[in-house]
Each structure stands twice: as C-alpha cells, then as structure tokens.
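S.K.:
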Amino acid sequence: MTEHLAALQVVIPLLCAPICMLVRYRDWSWSVALFGSWSCLAISWLLLQQVMTSGVISYHMGNWVPPIGIEYRIDEINAFVLLIVSAIGAIVTPYARESVRAEFGVNRVYMFYTSYMLCLCGLLGVTITGDAFNLFVFLEISSLSSYVLIAMGKDRRALKAAYQYLILGTIGATFIVIGIGLLYAETGTLNMADLANKLSKNPINKTIGTAFGFLFVGISLKLALFPLHLWLPNAYTFAPSVVSAFLAATATKVAVYVLLRFLFTIFDIKISFGVLPLESVLLALSIVAMFVASVVAIFQPNIKRMLAYSSVAQIGYVILGISFININGLAAGIIHLFNHALIKGGMFLAVGCLFYKIASVNIDKLAGIGRRMPLTMAAFVVGGLGLIGVPLTAGFISKWYLIIGALDRGLWWAAVLILLSSLLAVIYIWRVVEVAYLKPSPDGNNHIEDAPPSMLIPTWVLIGSSIYFGINTDLTVGVAKQAARQLLGGG
Amino acid sequence: MIEFPPGLILILGALFVPILPSYFRNAYMLALPILGFWGLLILPEGILFSFIFFDYTLAPVRVDKLSLLFGYIFHIAAAVSIIFAFHVKDPVQQMAGLIYAGAAIGGAFAGDLITLFVYWEGTAIASVFLIWSSKTERSFRAGMRYLIIQVGSGVLLLAGAILQFKKTGSLDFTSMDLSDLGPILIFIAFGIKAAFPLLHNWLQDAYPEATVTGTVFLSAFTTKLAVYALARGFAGTELLIWIGAVMTAFPIFYAIIENNLRRVLCYSLNIQLGFMIVGVGIGTELALNGTAAHAVSHILYKALLFMSMGAVLYQVGTIKATELGGLFKSMPYTAGLCIIGCASISAFPLFIGFISKSLIITAVAEQGHWVVWLVLLFASAGVIQYSAMKIPYFTFFQKAPGLKTSEAPGNMLIAMGIVAFLCIAIGVYPTPLYALLPYQLDYSPYTATHVVTQIQLLLFSALAFFLLVKTGIYPAMIRATNLDFDWIYRRLLPMIIAGFGKLITLIDRLIRDTFLSLLNQLLKLIFKHHGPGGLLARTGLTGLMALLVVIFLALFLLIYFI
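Line by line, the protein sequences give chains A and B. Residues 1 to 491, numbered by the working numbering, are exactly what the first sequence covers, in order. Residues 1001 to 1562, numbered by the working numbering, are exactly what the second sequence covers, in order.
(1) Within its chain, find whatever has a CB closer than 6 Å to the CB of Glu103(A); leave out the 5 residues flanking it on each side and keep chain order.
(2) For Tyr437(A), which three-state DSSP category applies?
(3) In its own chain, which residues sit with a C-beta less than 7 Å from the C-beta of Pro1430(B), not counting the 5 before and 5 after it?
(4) Between which two residues does the beta strand (DSSP E) harbouring Phe393(A) extend?
(5) Can you tell me whether Pro233(A) is buried or exposed, with buried defined as 16 or more other CB within 10 angstroms of its CB?
(6) Going by C-alpha to C-alpha distance, which of Asp1442(B), Cys1266(B) and Ala1255(B) sits closest to Thr1222(B)?
(7) Near Ile403(A), which residues of its chain fall below 7 Å by C-beta distance, leaving aside the five closest residues on each side in sequence?
(8) DSSP has Leu1048(B) in a bridge; who is on the other side?
(9) Give a yes or no on whether the C-beta atoms belonging to Thr1215(B) and Gln1093(B) are separated by under 8 Å.
(10) For Gln1272(B), does the count of other Cβ atoms within 10 angstroms reach 16, so buried, or fall short, so exposed?
(11) Output the distance between the C-alpha atoms of Pro1392(B) and Cys1338(B), rounded to the nearest integer angstrom.
(12) Cβ closer than 9 Å: which chain A residues qualify as neighbours of Ile1052(B)?
(13) So the alpha helix (DSSP H) Ile1148(B) belongs to, where does it begin and stop?
(14) Beta carbon of Ile1243(B), beta carbon of Pro1197(B): below 8 Å?
(15) Using the rule of at least 16 other Cβ atoms within 10 Å of the residue's Cβ for burial, across every protein chain shown, is Thr1539(B) buried or exposed?
(16) When you compare the CB of Leu1458(B) with every CB in chain A, is at least one pair closer than 8 Å?
(17) Can you tell me which of the three DSSP states Lys357(A) falls into?
(18) Would you list the one or two residues that DSSP bridges to Ile167(A)?
(19) Taking the DSSP output, what are the residues bridged to His60(A)?
(20) Using a Cβ-Cβ cutoff of less than 6 Å, which residues in the same chain neighbour Leu1413(B) once the five nearest sequence positions on both sides are dropped?
(21) For Arg24(A), count the other beta carbons within 10 Å of its own beta carbon; 16 or more makes it buried, fewer makes it exposed. Which is it?
(22) Excluding the five sequence neighbours on either side, which residues of its own chain have a C-beta within less than 6 Å of the C-beta of Ala1287(B), listed in chain order?
(23) Which residues share a DSSP beta bridge with Thr1291(B)?
(24) Can you tell me whether Glu3(A) is buried or exposed, with buried defined as 16 or more other CB within 10 angstroms of its CB?
(25) Along chain A, in chain order, which residues have C-beta atoms closer than 8 Å to that of Ile1582(B)?
(26) Taking only the alpha-carbon atoms, compute the straight-line gap between Gly1046(B) and Arg1062(B) and give it to the nearest angstrom.
(27) Which ranges would you report for the alpha helix (DSSP H) in the region 1191–1272 of chain B if only whole runs of at least 4 residues count?
(28) Which residue wins for smallest C-alpha separation from Ile1282(B), given the options Ala1311(B), Val1296(B), Trp1373(B) and Ala1335(B)?
(29) Entirely within the region 1334–1394 of chain B and at least 4 residues each: give me those alpha helix (DSSP H) ranges in chain order.
(30) Under 8 Å between beta-carbons, which chain B residues line up against Val177(A)? List them in chain order, please.
(31) Identify whether Thr473(A) lies in helix, strand or coil by the three-state DSSP scheme.
(32) Starting from Ser143(A), trace the alpha helix (DSSP H) in both directions and tell me its first and last residue.
(33) Check Thr129(A) in the structure and name its three-state DSSP category.
(34) How many angstroms separate the CA atom of Ile1082(B) from the CA atom of Ile1360(B)?
(35) Buried or exposed: Pro66(A), going by 16 or more other Cβ atoms within 10 Å of its Cβ?
(36) Report yes or no: do three or more beta-carbon pairs, one from the region 240–260 of chain A and one from the region 84–93 of chain A, lie closer than 8 Å?
Below you can see the structure in the form of structure tokens.
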C-alpha cells in the first residue's frame, strides 16, 4: 500500500469526483468529498514523513520506467506543498457543508463537490508529478474546474469573472504548453529530471530561451504576479465563499511551486538567472506588487476584494523571497506559501461566515458586527494581525526570514520596504476593525449572532494554526530550509 | 541540589497567587523571595542554562559577584516590600509586585542582551500595574506615560542589541564602548531607566501616583537594574561622570520646593542615582565597589523612607508638606524609623549611607576629578537639607494642624523595622557587605578625616536649615505644581504635535483626495465599465488583460534576443 501512496494522492480525489456526481444527494456527495479530502491529507502527511526520513520518492506510473513513462517525484518542496493543499482542502470541506447549502441552489450542490474534488485532484497532480506534460494536464484539470467553481457564485458578475479567468488562464496554459513543447523539441524528453539533465548539457540557444520566456510568462499569469494579476480580484470576489478561501489558499501557491520547479530544477540557476537578470525583474515586480496591491486594497469597499488584492501583495512577498536566490530568501518564500495559505484561507472563511449571516461583505454593512459576531470577527482580526506580521503570528516568521534574506543579499533597502509595506496592511485591516468594533450597530442587526460551529471551527482551526506556526516553527522553517537548500543545490 | 534560574521563582510563583485563599497568600508570597534567596546561595558561578533560540546562543543566567550582590539585595527588597504590603488584598498588585521583582532579579543575571531585553520589558509591564492600582485618573495617565517611556527604552535596547549582533556577531552582555550606533542605543535605553537628566521625568511623574505599597517596590528595582546594567556594560565611560554629576546637583532645587513629600523622595532618588552613575563613570575597582555598595544601601534606606511616607499617607490620607505636621505624638515609631532612614540618606556616621557614599566620593577624589568632587559634596549637603531635615520636620515636628491619627499597622512597622535594623547594622559593621562587593576592597570608612568631614557637613547643613526655617527664608511650601522639563513633552510637544497634526491632516486630506481622485481616474480608465452593479464590458477588459500578457511576453522575448 505505502509504495502506491503517491498514486493514491491523485487517484482518490479523481475517483471521488464522479462518485459525488453519481450519488447526487447533497449530504452524500459532501460525505464523499469529506472522505476524499481527509484521505488526501493523511496521504500527504505520510508522504512528507517518508520524504523527510528517506529522501526523494520516485513512483513510476503503471511501472513504465521514466523518461518514457510518467514519473511522480516527491522531494521536500512538493511534499510540503502537497501538505498545504490537502490540509486546506481537508479543513475547508467541513465548512463547505453549511456554506454551500446557503449559497447554492439545493440542486446544484453535488456539482460543487464534483468540481471541487476535480480541482483538488488537479492541484495535487500538478504538485506531485515529475513529468512536464503531465503537469500541464493537471494544470488544465485544476483550472477548468476552478472556472466552474467560480462561476457558481451567487452574484451574476461571477460568470463574468469566471469568463475572464477562463480566457487568461487559457492563455497562461497555452504559453506553458508552448514552452513545454519547445523544450520537447529541443531535448526530446518530458521528464523533469531528464529535462534538467539534458538542458544542463546543451548550450543555451534561442529555442531554450524562448521556451523559458513562454513558461515564465505563463506561470506568472497563473500565480498572479503583478501586473498579470488582473483576473484574480474579480475571481476571488465573486466566487462562492468556500471557493475563494480554497483557491486563495491553494491555487496561487501551487503556481508558485511550479515557478520554483522550473526556475531551479528544470532550468539551471545559470539559465534562469544567468542570461537575463531575472532576479531584478522579480524583485522590482514583487516590490511594486507589495505596494500597489496593498494601496488598492485600502480603497476597496468589498472585503473579499480587499483580501484578494492583499493576496496579490502577499504573493509579492513570496516572489521577493525567491528573487533573493539565497537560503533564507527562498525559505522565506516557501514558509510564506504555507503561512499565507493558513492566514488568507482563515480570513476568507471568516468572511464567508459574515456573508452567511448578513448576505453582504461590503464594509458599510459591517457596522458594529464585532459585537454581534464576536468569534467570527475575532478570527478575522487575528488573521489580519498575521497579514501585518505581528510577532507571535505566522506572518511574523515569514517576514523575519524575508528580512534576513534581504540582509544576506545586502539589500537593506528591501528590508525597509518590507516593513513599510506591512504598514499598509495595518491600514486596510484597521479599516475593517474600526467599522466592525467602533461603529454602532444598526438596530436591524440585533438578531444576528455568530455563524454555526461547523463553519466557525474550521475558521478557527486555520487561524489558530496560524498562531501555532507563529510560535512553533519547527515544521515550517525546518522543511522550508531543507527544501530551499535542495533547490539551490541543483537537486 | 536543584538549581533554578533566579527570578523565575518569583515570576512563576506569582501566577499561583490569585488562586490561593487570601489567608494563606501572605505566607506564600513571603516564602517566594526567601526560597529565591536560598536558591542564590547554592548557585555556582558562571553561565548556566544556556540554550539556542533561533540561531542564537542565549545565556539566561550568568552568575558572578556583581550579579549576585544585586540578586541578594533585590530579594531582600522584595521580601521587605511584601511584608509592608501584607494588608493589601488586591491580587493584581500582589502579582504585579512579584513579577516585577522577579523580572528585575532575572535582568540582573541576564548574560545576553536578548534575555536582558525580555526581563527589561518585564519590569516595565509588571510595574505599571502598581501605578494603575491607585485607580485614579491621574495615576492612569501617569502610568500610561510611564509605560510608553519604559517600553520605548526596551525597544531601543532591542534595536541596539540587533545592531550590536550584526556588528560583532555576539549577543553577550559585556562591556561596550560608545563608538557604534548599537551601543549608543543600548546606552540611551539604560539611560532612560536610570533617569538620566532630561530623561528622568517619568520617575517623578509616575512614582508618586503609585499605591502606598507599590512605590516601595518601584523605588527598589527599575533604576537599580539600570545602574547594574550600566555598571556591567559601560563602566569607565567618562561621559557618565558628568551625567552623574548633573544628576546629583540639579534636582536639589526641585526637591526643596516640592510640596508632595513622596515626590521629594523621587527627586532624592534621582540624586542618589547620580552618585552611583558617577561611580560607574569613574570605573575603577573602588568606584564600582562604591556603586554596588551604594545601590545596596540606597535600596534599603530609600525603601525605608518610602515606607515611612507611605505609612503616613496610609494613616493620614495626604502627603503634602503643607497639610502635615505634629505626627510625632501619634506615630512615634514611624517617626523614629523615618529618622533612621534620614540619617542613612544623609550619610551620618554609623548609618549605612556613610559607608557606601564615602567609597564613591573617595574614588572620585583618587582620580582627581575635583569639580565633580565638589559637586558631589554640594549634593551631599543638599540631600541633608531636603530629605534629612525637611521630611521629618514637616511631617512629624512642625506645628500641628491638628491631625488626629494613630500608629501605622504592625506589618508596616515590622517591615520598616527590618530595614532600619539593616541600615544600622551594616552601617556599624560594614565588613560583610564589603566582602560581597565585586572587587577586593581594602577600605575603612571610619577614619578620623572621613568622620569629621561628614559631621561638619551635617552640622552646617542642619544649622542652615533651621536658620532658614526660623527666619522664614526657607522657601514656603506652596501647593503648586512645579514645572520641570517634562512640561516640554507634556505640554509643548503636544501643542506642536497638535499644530503639526492639523497641518498633516490638511496635507493628508489633500494627498488622499488627489490620490483618491487619481486612483478613481485610473480605475475609471482601466475598469471603465466595471462599476459595481453596472453592466460589465466583457470584451474590453478581458481583451486588455490578454493584451497585457502578450506585451509582457513580447518584452521578455525581445530583451532575451537582443
């Protein structure tokens, strides 16, 4: 059994999807999704343990030996990303039951779980696979299902948002497949390890350069690197609450993982950063993202939209860490993947609780809500502290290593900018706090109380773990440092 | 034998205070410092309990003679303060006092700057509750100002520690010199807590607002921890000699005209700190011994004075010189104990102040700092003026305004009695204290010159005081609030800030408005058809995004191929 864990990681959600479709009845399909997501979490946990103790796992699909057959290859970094994705999935599913019932027509619930399982399967597949074309296939599975998930939003503008995402996502995927195609033409292989091997031997020519360009732009689009983030705010704003939380916490993280994989594993650092000063490009774009997106977030009347822009800014931090190309910087990026998934996932879930009760996420409607829904708002505020990077929250750990990474590179001004941009987060979080706690509650709101426990508990599990990982950093920092070392070591 | 980090016994012990029944609490609280003291006796010298935090090796406990001496006296002060507070039933004050004392003890044993920082902030945060426990509006505000300044000092300390670490790669708390920004920040942090001139006002501002028992705690720890830290980190820094000299001299005038007797004691606290800081600045073995010895004696007699004034406040309800008098008859024991404290602070021979202050003054003379020596002498005379004469005279002996009261409670008398006993015992037989000092000491305070000089000083001072009072020249005690430097930050700065505030609001509004309108225009431009609830222009926006992606790719490839 254990040797097939790698395959099961993807196969279980893939099988759960049609079962959800077949059982139809909403609680049954929910149970199937619950089973699927929790088994994924268990598997990814086992895989991480296995990788940490006995090193890289290489699983040959259908016993076809790579580079001909498809290989699933798990090392520290993707084991960690698998854990992030499946953990978020496992926490979001119990929450979904109540939230989805309120936000969807009763008849369409099973469709949600079907797409949700497919999306989970796609994201896990992208992460686990060691084959470039297979990666593209899973990327499409996750993207197509997420278009559907977003389109399920109650607001009619969700359709428009899904459509935009569809167009841009497809452009991104096309670029990626063109890039992979060019690489295949040049080297004749699709296996990542093999690609890396052959690319390091070949001299750099224009085909490889073009492939790199297509891949970089395509992936940047998927991970919403500024200024290619335009699809993201709408998608997160109008998607159903559960979907916003799930995608915000996982989809961009997986895309960042893909970027890391291409920059550091497939292309050598010499190609990635040697030919073009790519690190300066990433550095500049991420810093602009940190500031511009945060400032835009300040002016958003819709909290989900505000969080969406804040996500763009947070992706800026992750990319900033990567652009330092040193252990601490890369580790900071990877740590922040994890921490931001917890924080932002938790905050979107809290916002979902608000939406569940007051059917709006406009800031005007939140006057005095802190007294009506104390637990929900407390979760939001604690998450917000994490975004700001207050000590004892996970966000602090990320920024700590980010600043160390910046100082290691001698970029002290970048360290200053990191701190300054954190202040912007103070502003947009404070706006919400001010309205929710300091403004009197309108009379009509007296009956409102906290969301049901089935929604509050998952919210607090995420928020609570963001505090836990702000204090106990053994798992995050340990794994991230090892992963960073491995990426930089060219392995 | 089990070793335990000093200070933690008190801090952890404090956590159990609220759940204990109140009749048992006093015994329990008194047991903690006694246990802690015993723990010190079995502690081996050297660095203990070191561990790794992040990537740094921390040394939470460093035991040597200097830290042990401060450890001993802090434990004694804690025990006495606890006895003095036996009648208090408020668990907040009890916990705050214990944690505060524990943090100060921990700070005295900190072997690295991070541990020091933790305890440093610990003293700040715990002690503010002693001030807030007065539960008056004034005390709340004073406490707030106190907290801001104290925490600010901690932040400076941390910043300095980080810079120091970046520079030297070590977090050890050892001797530093003021050539870098890091040590300078640390120096200022210490200076704030040690109440350097112009940084001192939190002391006179906050201490008199604390509770009767709280002030006794406060007088013992914060400033002495700072003196310890200076002695550890900046011994021999010449700047300190001058800072100390200024500190001894200028509060005298304030002390003489101040009406609130607890505030008078605060100014006197400042002056005595000046003596210690001069000692640190001289930095010779004799001077450092003097500083350490003076810290010990100062903790004792200052606690005694604060306790006696606290007892008066507790019994009478006021501590204004103009409203007191004639208490000698109704509170004879308190009066007697207070006089012992006064004799100690004036360095009367056979009292503890004499054997410690003379060390510092001798060290100054040995190094030939004659100006400073004169200043210290002048300050000594001044001390006699206001504390030794003014406090007992106005409280106990001046013509009575007809106050009816009774003797202080037994626990207060016991606490004062213990300290008074120590003041006299060490004053008469200083050898055990001298043996505990950080350096070998070959010194005898009771030489004819010392004694005679001191007695002359005392007599002339006393003469001057009574002449001035009898002739009515002595500044009348008026119920005024004295303007000190803190006016600058309590009134002037707020005014300036308010002015600036208006300006900034104006500019801010201007910027925000322009920014908002710019942003709105931008949003209008990009999201032209994207108003909430409005019709959404599908092709325009999506096409634009797609165009952007293509441009991005084109740029990338273009640069790649050039």
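Where is the CB? At the ideal position from N, CA and C, for every residue including glycine. Note that the structure is a prediction, hence the values are computed from the model and not measured.
M.R.: Let's see:
(1) Lys154 and Pro240
(2) helix
(3) Ile1355 and Pro1445
(4) Going by the sequence as given, residue 393(A) is Thr instead of Phe. Unbroken run through Thr393(A): none, as it is neither H nor E.
(5) Taking all protein chains in view, the Cβ of Pro233(A) is crowded by 16 or more other Cβ atoms within 10 Å, so the residue is classified as buried.
(6) Taking only the C-alpha atoms, the option nearest Thr1222(B) is Cys1266(B).
(7) Ala415 and Ile418
(8) Val1061(B)
(9) no
(10) buried
(11) 7 Å
(12) None at all; the shortest Cβ gap to chain A is about 13 Å.
(13) Glu1137 to Thr1168
(14) yes
(15) The pLDDT assigned to Thr1539(B) is 36, lower than 50, so where the model puts this residue is not dependable, and the model offers no usable value.
(16) no
(17) helix
(18) DSSP lists no partner for Ile167(A).
(19) Glu71(A)
(20) For Leu1413(B), same chain residues with a beta-carbon under 6 Å away, outside a window of 5 residues either side, are Tyr1333 in chain order.
(21) exposed
(22) Gly1279 and Ala1363
(23) Beta-bridge pairing links Thr1291(B) to no other residue.
(24) exposed
(25) Lying before the first or after the last residue shown, residue 1582(B) is absent from chain B, which here runs from 1001 to 1562.
(26) 6 Å
(27) 1201–1206, 1212–1234, 1238–1249 and 1251–1257
(28) Each of Ala1311(B), Val1296(B), Trp1373(B) and Ala1335(B) was checked against the Cα of Ile1282(B), and the nearest Cα belongs to Trp1373(B).
(29) 1352–1367 and 1370–1383
(30) Chain B residues near Val177(A): none, gap ~14 Å exceeds 8 Å.
(31) coil
(32) Ala132 to Ala151
(33) strand
(34) 31 Å
(35) Under the 10 Å beta carbon count, Pro66(A) is surrounded by 16 or more other beta carbons and is classified as buried.
(36) yes
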